[in-house]
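Protein chains: 2
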Amino acid sequence: MKINKNFLDLEASYLFSTVNKKTREFIASHPDSDVIKLSIGDVTKPLCPVVIDAMHKAVDEMADEKTFRGYPPEQGYDFVREKILEWDYTKRGIDIKLDEIFLSDGAKSDCGNIGDIFATDNTVAICDPVYPVYIDTNIMNGRKDKIIILPCSAETNFLPALPAEGDAVPDIIYLCFPNNPTGTVAPKNYLKQWVDYANAHHSLILFDSAYEAFVTEPDVPKSIYEIEGAKSCAIELRSFSKTAGFTGLRCGYTVVPHELVFDGTELNALWFRRQSTKFNGVSYVTQRAAEAIYSEEGQKQIQENLSFYRENARLIFEGVSAAGFKAFGGKNSPYVWLQIPEGFTSWSFFDELLEECQVVGTPGSGFGKMGEGYLRLTGFGSRERTIEAIERIKASFGR
Amino acid sequence: MKINKNFLDLEASYLFSTVNKKTREFIASHPDSDVIKLSIGDVTKPLCPVVIDAMHKAVDEMADEKTFRGYPPEQGYDFVREKILEWDYTKRGIDIKLDEIFLSDGAKSDCGNIGDIFATDNTVAICDPVYPVYIDTNIMNGRKDKIIILPCSAETNFLPALPAEGDAVPDIIYLCFPNNPTGTVAPKNYLKQWVDYANAHHSLILFDSAYEAFVTEPDVPKSIYEIEGAKSCAIELRSFSKTAGFTGLRCGYTVVPHELVFDGTELNALWFRRQSTKFNGVSYVTQRAAEAIYSEEGQKQIQENLSFYRENARLIFEGVSAAGFKAFGGKNSPYVWLQIPEGFTSWSFFDELLEECQVVGTPGSGFGKMGEGYLRLTGFGSRERTIEAIERIKASFGR
């Protein structure tokens, strides 16, 4: 029996474990310290009341033979997909069909598993800095030498340039907006260029919009399908994790329009075959939880939590700017991407911030080479602690 | 962009949809008929009280900032894995380590996804008749020409013969006991031959024990690790679906012992890397549900449901035997595998049973060529309807 040797090409990813280890060690050697973590990418607010009520009701249904539900449909129950269709697409003027929506146990699973339906020898364009799962899953699938890095820098507000005339044409293009880790967003006219490029070259865009719920500005698209032509070149990955605080419940969905036809085959049919063979659907209780956010009251409740995180991000952005730092994101996003002072690396500034302010960030270099010189701060903490962290940063670094 | 062309090698699997379609058509053309479905492989009893209580409690925790849980550990919370370790292994004298247990959203996912960590050019031995997921996932992974069929027939009680001296040595061997669809079980001395074979040839056994909870006889192993030497050659796949009626909740687990070393690499490390990259853990509510069955009261409650299904299977087995049919399974299993009368194919007998008795089974030929001549009946219906179905079969076919 031989193993999949592509796994040996993976770089050990110790970013978050190293952050945690260094933090633990600091606390151990400074027992009187009062460390504030602005490194977390996980939500902290509890699930909202409509979701809790829906889950209790669903649990009770599972206790009664007359209302008990066994295997769920692999693609998700109609009751939740119809709501997704209505609230996330139809109400926004986007024409998506019900059978183009695939409910799943989260965007991370979909983002990795979607690779199953593509040939190994496709080239893939991936931004740097980036969410590491895009890189790692492609290496696992044997595409290590097929990765085309799209460098992102401050000069272009971390929007990667399209391949120039004569450059290699990527078969698959990963885009994530609002972006993790930089917190930047892509305006419509920018995304239109990618859609046109993909259609012209018959490339596929994998559009990760896990953070769309943070968008408040009208010109910033929440869905790639707001861009004309996207249905013939883009798959969209969505998540309830940040939208409704479902990180502990596990639910997301992926949209695969019928217009996506490659090698004469609909990707929708391939993904359905993949999911119905290797996946058995999402917990009934979780599906009822997801359904519950799609009501006037549900939307109001999730917006309260989202506004809270947004305000934290805004406060961080304003605070670090006032302290003299150049920063990105912090608007339409829970992330602030801090440009660190000259003379520091991402990791040495991480140490400096921990020692001087007892504040924990995430070193930008952990997201790729182009992340060197940056640090990610997040708006998922409590208000009081976020403000306290900003005050400390101002006191230590303010000029 | 090129698709994964291996998907085009998949045979369209219409087994259950054809069964459902034929049933619907029969009902439509016989509106006064009273059709009984003994075809379902899904549980019908509601979740037991300890599980319901645990889920309500977990939902309430998710409503409170102080007890809210975000991203779960990819491998599962210790609280549930420690219980699995204690009740499913340690109490039964099996030495498994906590970090060898990987909680998941179900055995179907694991059974498909585990293929990610193996090289494409491994040969795989798969029984016929069989649960179609083994075949389909290997075809998707490009192993269409690497499949070695292990024919199973009545002469050996549907236990496949080991490869003979000189036969091709399979790199990976799929075994499922208690078996779906035949309902037969493998005694220890038989499994010991496979374990010895795998160790001698450095092959890997994928042992699917999704139906272990139905086992009542002491000589029938519930775990492959009851067999000496299995830890160096076998991965075990387990499910809460049939054990505790979790088909609608989605939970299972996979055991990957550290002793499994191939190409100098621990499979445990590879599977951890795969799961932590492409999976983000199981719903906290579901994990608390799973934990709840591991108590004296929890075990008592799940045994009530299991005994109910077992008794249905026993009644079916006795009933069809009394009607003159040769049958397999029905003991340590929810499935009865009926040998159909001469002159019928699986599908023509399906039609005959539907027309004569208004009873729905699953044609054996849907599980592979060797399933031709058989029909699967299941013990997951209600007692009253199961007895009624047996009476009809006796009346129509009894000699």
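Protein sequence lines, in the order shown, are assigned to chains A and B. First residue of the first sequence: 1, per the UniProt record's numbering; consecutive thereafter. First residue of the second sequence: 1, per the UniProt record's numbering; consecutive thereafter. Even glycine gets a Cβ: it sits at the ideal position worked out from N, Cα and C.
For residue i, tell me which candidate among the options has the shortest Cα-Cα distance.
i                : options                                    : result
arginine 310(A)  : Phe367(A), Thr386(A), Leu260(A), Phe118(A) : Thr386(A)
lysine 22(B)     : Gly112(B), Lys37(B), Lys231(B)             : Lys37(B)
aspartate 99(A)  : Val336(A), Val285(A), Phe272(A), Gly364(A) : Phe272(A)
lysine 394(A)    : Ser365(A), Gly379(A), Glu318(A)            : Glu318(A)
threonine 254(B) : Asp196(B), Phe26(B), Phe207(B), Phe7(B)    : Phe207(B)
leucine 267(A)   : Val124(A), Phe118(A), Val185(A)            : Phe118(A)
leucine 15(A)    : Lys108(A), Gly371(A), Phe380(A), Glu228(A) : Gly371(A)
residue 451(A)   : Ala230(A), Asp136(A), Ala154(A), Gln287(A) : Lying before the first or after the last residue shown, residue 451(A) is absent from chain A, which here runs from 1 to 399.
glutamate 74(B)  : Lys278(B), Gln358(B), Leu377(B)            : Lys278(B)
glutamate 226(B) : Gly361(B), Asp88(B), Pro31(B), Ser17(B)    : Asp88(B)
serine 109(B)    : Arg274(A), Gly398(A), Tyr374(A), Pro334(A) : Arg274(A)
proline 187(B)   : Pro334(B), His201(B), Leu159(B)            : Leu159(B)
glycine 142(B)   : Asn157(B), Pro257(B), Asn122(B)            : Asn122(B)
leucine 377(B)   : Glu304(B), Val19(B), Asn199(B), Thr265(B)  : Val19(B)
glycine 112(A)   : Ile139(A), Asn189(A), Thr265(A)            : Ile139(A)
arginine 81(A)   : Ala323(A), Asn179(A), Glu291(A)            : Glu291(A)
glutamate 11(B)  : Glu388(B), Asp145(B), Arg383(B), Ile135(B) : Ile135(B)
isoleucine 40(B) : Thr216(B), Gly361(B), Gly166(B)            : Gly361(B)
Is DSSP giving residue i helix, strand or coil here?
i                    : result
glutamine 339(A)     : strand
tyrosine 253(A)      : strand
tyrosine 134(B)      : helix
lysine 222(B)        : coil
glutamate 372(B)     : coil
cysteine 357(B)      : helix
isoleucine 390(A)    : helix
serine 104(B)        : strand
valine 169(B)        : coil
serine 365(A)        : helix
alanine 234(B)       : strand
residue 415(A)       : Lying before the first or after the last residue shown, residue 415(A) is absent from chain A, which here runs from 1 to 399.
lysine 91(B)         : helix
phenylalanine 344(A) : coil
residue 440(A)       : This structure cannot speak to residue 440(A), because chain A is shown only from 1 to 399.
threonine 378(A)     : strand
tyrosine 174(B)      : strand
valine 19(B)         : helix
phenylalanine 262(A) : strand
serine 109(B)        : helix
isoleucine 139(B)    : helix
isoleucine 117(A)    : helix
lysine 37(B)         : strand
isoleucine 3(A)      : strand
Alpha helix (DSSP H) containing residue i: first to last residue?
i               : result
aspartate 78(A) : 78 to 84
alanine 290(A)  : 284 to 292
proline 49(A)   : 49 to 62
tyrosine 309(B) : 296 to 322
glutamate 11(B) : Segment: none, glutamate 11(B) is in no alpha helix (DSSP H) and carries neither H nor E.
serine 276(B)   : 267 to 278
Let me see if you follow: with CB-CB separation under 7 Å, is residue i close to chain C or not?
i            : result
lysine 91(B) : Note that chain C does not occur in the displayed structure, where the protein chains are A and B.
On the DSSP letters alone, give me the boundaries of the beta strand (DSSP E) that residue i sits inside.
i                 : result
lysine 326(B)     : 326 to 329
isoleucine 147(A) : 147 to 151
alanine 125(B)    : 124 to 128
Leaving out five residues before and five after residue i in sequence, what residues of the same chain have Cβ atoms less than 7 Å from its Cβ?
i                 : result
alanine 327(A)    : Phe317, Val320, Ser321, Val336, Trp337, Leu338, Gln339
glycine 330(A)    : Gly183, Ala313, Arg314, Ile316, Phe317, Val336
residue 422(B)    : Absent from the model: residue 422(B). The displayed extent of chain B is 1 to 399, so no value can be given.
leucine 85(A)     : Ile96, Leu98, Ile101
threonine 29(A)   : A small fix is needed here, since residue 29(A) is serine in this sequence, not threonine. Excluding positions up to five away in sequence, the list is empty.
leucine 306(B)    : Ala213, Phe214
asparagine 280(B) : Tyr71, Glu74
valine 59(A)      : Val285
Spatial neighbours of residue i within its chain, please: CB distance less than 8 Å, with the 5 preceding and 5 following residues excluded, ordered by chain position.
i              : result
arginine 69(A) : Glu61, Met62, Tyr284
For residue i, which residues from the same chain have a beta carbon less than 6 Å from its beta carbon, with the 5 sequence-adjacent residues on both sides left out?
i                 : result
glutamate 212(A)  : Lys222
isoleucine 224(B) : Phe207, Ala230, Ala234, Glu236
Margin query: Across the region 87 to 99 of chain B and the region 235 to 242 of chain A, are there enough close Cβ pairs to call them in contact, namely three or more that are closer than 8 Å?
Written below: no
Notebook entry, point to check: Any contact of the region 144 to 154 of chain A with the region 123 to 130 of chain A, i.e. 3+ C-beta pairs under 8 Å?
Noted result: yes
Next item on the list: Assess, as a yes-or-no matter, whether the region 105 to 124 of chain B is touched by the region 3 to 11 of chain A under the definition of 3 or more beta carbon pairs within less than 8 Å.
Entry: yes
Note to self: Could you check whether the region 244 to 251 of chain B touches the region 228 to 235 of chain B, counting it as contact only if at least three pairs of C-beta atoms, one from each stretch, sit closer than 8 Å?
What the structure shows: no
Margin query: Below 8 Å, how does it come out for the region 164 to 172 of chain A and the region 186 to 206 of chain A: are there three or more Cβ pairs, yes or no?
Written below: yes
Margin query: I want to know whether the region 292 to 299 of chain B touches the region 41 to 59 of chain B - three or more CB-CB distances under 8 Å.
Written below: yes
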